[in-house]
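Sequential numbering of the sequence shown, starting at 17, is according to the working numbering.
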Amino acid sequence: MSRLPASRLVSILLLAALACPLDADVTWKEVGGTKVPVPPKEHPRLYLRPQHVAELPQRLQDPVLEPVRQRLEKLARRNEQFQLEWDAVHYLAAPDQQKGREIVEKTLQLLKKSQLPDIHDACRVTGRMMTTGAIVYDWLYPLLTDDEKQQYIAELVRLAKTQECGYPPTRQGSVTGHSSEAMIMREMISAGIAVYGEFPEMYELAAGRFFREHLPARNWLYDGHAYHQGDSYGPYRYSWDTFPLWIFDRLGAGNVYNPQQQFVPYWWIYTTRPDGQRLRAGDTFCHSAPRGQPWGVGPGAVLTASFYGDGYLLGHHEAQGGVRDNEVLFEFLWRDTKLQPKPVTDLPLSRYFGGPFGWMIARTDWGPDAVIAEMKTNVYNFTNHQHLDAGAFQLYYKGALAIDSGIYSGSSGQYGSPHCTNYYWRTIAHNCLLIYDPNEEFRSSRGYGNDGGQRLPNGRSEPRTLEVLLDPDNGYRTGTVVAHSIGPEPAKPRYTVLTSDITAAYGDKVESVVRSAVFLNLDDPKAPAALIVYDRVVAADPAFKKFWLLHTIEEPKVDGNRTLVDRTEYGQRGRMILTSLLPAADDLQIQTVGGPGREYWVFGENFANDQDPQRAERSSQEPGAWRIEISPKQPAAENRFLNVMQVTDRIDSRALPVERVQWGPLLGCRITASDADWIVLFPSGQTPLQGPLTVEVSGKQRCRILICGLKAGPWTVTPPTGDPHRGDVDPERGTAWLEGPAGRWTLTPK
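See the structure below:
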């Protein structure tokens, strides 16, 4: 492996240093080359301290926690493990030595009986039992005999050895994978804290790995305010991140994380649809919920909300729910009962999620008729449950119109099935670009076929550490954000822009792939929004055919350069009208692919993943079955694609006129709405645009002009009427917004 650049190495070390808060009420020691907080000598020290124990009687009466208490009592009645934990809470609130001894003895017997069940992911069962043992050992510590302590320790070590990470916990990765879930970040750290005085090994092994590997990766990615494992595994995995947050804070170490962690769950706020589902991303299992039931977000939202005092996250938790039975106790222990939820309607309608993601969400509002657009760069691809979808977009209005297609589990299997490796995980299943080299090989032990899409980062093996992820030789970097812009008003923007250089995602078969996506909030009830996607693709060989993909649930209807997509199921009324402006009409080819036997078609083979019809009907699955492929008829090294998608209600429909426009190096589209002409312009060639530039708008209607790809710095803007004025182009935005009468506009760099 090559050495990391010094700047990246310094960044990793700085992130690791965040793990040692200067104001922490705890001592630190070096273990295995990293510093970890030393558990205090008092008990309890796991999940709560004596000052928190004093608050338990009040929490047991707090009306905010009444639904949580009722659920815990219901769980206790049907499950001995939950009963013992709930009894331990009551013991702390009102100690009773006889009752306490019963808890100690019964828990020890339960630990001894615990074995790996014959189910998928069996070690989650034995791992959760470790947490029960840790709770009783720590909270009822004065009641344990020396012999019982040794028996508890022996059982906790035995159960630790059943975990996939192994004991010592050296296996699997610390960025993704099962070792980035509970087994280290809750189960072993919890058990290690409980038994630290008698057996420090477990804590030092588990906490040592967490601070050495898990923590730097998370502190780095939290700056992006999102998570990389999709709509289902994303909130699931992130929830485990919140356990060390609370565990080490209650231990006295303070917040060991980058405080930007607070904003990670905002990704799920913004991608939540009016029907309570989320825009699809990565491997989806939340669609097992029936239609009409909100998709849960796990305990991560409420635990983050409570730690950072964030009412928006609390409101999202209350709207979505999803705290699993195994984690209800922690909502009881850690929820801030004084925190009030805030409505998401107070949030800006567009939000950028920066590196290492480079994602953008734009909405028209937060109500039932909201239009939602997703635009992706994928600065890094973390693999595992993240798909090869750099540059992808989605569009939702009264139903999913432009979708991520495929399905996680079915007749083909689940993780790693032929459907996954050849379709679902691949670029061809997303609203992306394909550049098809018939001789390309996708080398991996799993046997990936040629979908014409993006390469496999490091063979799609999971990065064990942040250092592995950042090493350029491993190829996890797949894109660069060229520009991102929201304006002119940030709270309710008219435009949202994301321009992505995703050349790195496609490897040697391309010289350049740049995609610009622009969302327009048209503020028209009958034509509320449009999404414009402009691509400039330069292939390494003119013979490599290019495909622009749009995936849909229902069959698209193609008529010339227009494609109509409707949603008619389950009372949905959404319609999308796609107008293809480039390639030009004489070089434009639009092909419809899909239907029975061709739902997941990959260059001559269908990778089916059939569902049980009754199960599918009970779920909220949206695997899709159709796509259109837009291609140039003639081979060429360089091609440009310009597509305009507008949405409307299919019952009360309005299609706005759309045309291609060009003024010198400026190329784009004009959408004629009832109150104004909307003109969006991109560089027709190399960027950034240096100027001078001229836009000559015909007609008498007011115009709104967005120019993308401009050189940063001051420009002089001369409108058709009035005096010239200065406009500054921000280097991260690269955009200019002009609003005024039709006529001749000029922009000149100063």
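For each residue, glycine too, the CB sits at the ideal point set by N, CA and C.
In three-state terms, what does DSSP make of residue i?
{"i": "residue 39", "result": "Its pLDDT being 46, under 50, residue 39 is placed unreliably by the model, and the measurement read from it follows with that caveat. The answer is coil: DSSP assigns residue 39 none of H, G, I, E or B."}
{"i": "residue 490", "result": "helix"}
{"i": "residue 353", "result": "coil"}
{"i": "residue 405", "result": "coil"}
{"i": "residue 68", "result": "helix"}
{"i": "residue 34", "result": "Because residue 34 sits at a pLDDT of 44, beneath the cut-off of 50, its placement in the model cannot be relied upon, and the point is left open."}
{"i": "residue 543", "result": "coil"}
{"i": "residue 183", "result": "coil"}
{"i": "residue 347", "result": "helix"}
{"i": "residue 271", "result": "coil"}
{"i": "residue 582", "result": "strand"}
{"i": "residue 528", "result": "strand"}
{"i": "residue 288", "result": "strand"}
{"i": "residue 417", "result": "strand"}
How many Å lie between residue i and residue j at the Cα?
{"i": "residue 493", "j": "residue 244", "result": "13 Å"}
{"i": "residue 746", "j": "residue 509", "result": "17 Å"}
{"i": "residue 86", "j": "residue 451", "result": "56 Å"}
{"i": "residue 248", "j": "residue 218", "result": "31 Å"}
{"i": "residue 372", "j": "residue 286", "result": "18 Å"}
{"i": "residue 519", "j": "residue 453", "result": "15 Å"}
{"i": "residue 610", "j": "residue 569", "result": "10 Å"}
{"i": "residue 643", "j": "residue 446", "result": "9 Å"}
{"i": "residue 68", "j": "residue 109", "result": "10 Å"}
{"i": "residue 527", "j": "residue 315", "result": "44 Å"}
{"i": "residue 576", "j": "residue 635", "result": "36 Å"}
{"i": "residue 760", "j": "residue 696", "result": "16 Å"}
{"i": "residue 362", "j": "residue 607", "result": "43 Å"}
{"i": "residue 764", "j": "residue 694", "result": "22 Å"}
{"i": "residue 126", "j": "residue 97", "result": "8 Å"}
{"i": "residue 516", "j": "residue 444", "result": "18 Å"}
{"i": "residue 667", "j": "residue 385", "result": "14 Å"}
{"i": "residue 203", "j": "residue 163", "result": "23 Å"}
{"i": "residue 353", "j": "residue 394", "result": "37 Å"}
{"i": "residue 39", "j": "residue 663", "result": "Because residue 39 carries a pLDDT of 46, less than 50, the predicted location of this residue cannot be relied on, and the following value inherits that uncertainty. Those two C-alpha atoms are separated by around 53 Å."}
{"i": "residue 655", "j": "residue 676", "result": "16 Å"}
{"i": "residue 437", "j": "residue 464", "result": "6 Å"}
{"i": "residue 112", "j": "residue 61", "result": "20 Å"}
{"i": "residue 649", "j": "residue 604", "result": "6 Å"}
{"i": "residue 7", "j": "residue 582", "result": "What is shown of the chain runs 17 to 766, which leaves residue 7 out entirely."}
{"i": "residue 597", "j": "residue 646", "result": "11 Å"}
Hey, could you find the ends of the alpha helix (DSSP H) residue i is sitting in?
{"i": "residue 330", "result": "327 to 336"}
{"i": "residue 648", "result": "From DSSP, residue 648 is part of no alpha helix (DSSP H) but of the beta strand (DSSP E) over 642 to 648."}
{"i": "residue 83", "result": "82 to 94"}
{"i": "residue 573", "result": "That residue, residue 573, is in no alpha helix (DSSP H); its beta strand (DSSP E) goes 573 to 575."}
{"i": "residue 429", "result": "Segment: none, residue 429 is in no alpha helix (DSSP H) and carries neither H nor E."}
{"i": "residue 382", "result": "That residue, residue 382, is in no alpha helix (DSSP H); it is neither H nor E in DSSP."}
Among residues of its own chain, excluding the 5 on either side of residue i, which ones have a beta-carbon nearer than 6 Å to its beta-carbon?
{"i": "residue 426", "result": "625, 626 and 627"}
{"i": "residue 442", "result": "404, 467 and 469"}
{"i": "residue 535", "result": "378, 389, 512 and 547"}
{"i": "residue 215", "result": "169"}
{"i": "residue 396", "result": "372, 492 and 493"}
{"i": "residue 9", "result": "Coverage of the chain is limited to positions 17 through 766, which leaves residue 9 absent and any answer about it impossible."}
{"i": "residue 332", "result": "285 and 317"}
{"i": "residue 54", "result": "43 and 45"}
{"i": "residue 507", "result": "364"}
{"i": "residue 252", "result": "314"}
What first and last residue would you give for the beta strand (DSSP E) that runs through residue i?
{"i": "residue 499", "result": "496 to 503"}
{"i": "residue 563", "result": "561 to 568"}
{"i": "residue 54", "result": "Residue 54 -> no beta strand (DSSP E), and no H or E assigned at all."}
{"i": "residue 511", "result": "511 to 517"}
{"i": "residue 46", "result": "44 to 47"}
{"i": "residue 756", "result": "751 to 756"}
{"i": "residue 759", "result": "759 to 765"}
Excluding five sequence neighbours on each side, which residues of the same chain lie with their C-beta closer than 8 Å to the C-beta of residue i?
{"i": "residue 767", "result": "The question about residue 767 has no answer here: the residues shown for the chain are numbered 17 through 766."}
{"i": "residue 720", "result": "510, 692, 693, 694, 695, 753, 754 and 755"}
Note down, in chain order, each residue of its chain lying with its Cβ closer than 7 Å to the Cβ of residue i, except the 5 sequence neighbours on either side.
{"i": "residue 349", "result": "63 and 64"}
{"i": "residue 456", "result": "466 and 525"}
{"i": "residue 101", "result": "148, 151 and 345"}
{"i": "residue 740", "result": "732, 733 and 734"}
{"i": "residue 92", "result": "98, 99 and 102"}
Q: Give, in chain order, every unbroken run of the alpha helix (DSSP H) that is at least 4 residues long and sits entirely within the region 595 to 681.
A: Listed in chain order, the complete alpha helix (DSSP H) runs (minimum 4 residues) inside the region 595 to 681 are 629 to 634.
Q. Taking the runs of the beta strand (DSSP E) that are 3 residues or longer, which of them lie wholly in the region 670 to 749?
A. 674 to 679, 682 to 688, 693 to 699, 709 to 713, 719 to 724, 729 to 734 and 741 to 745
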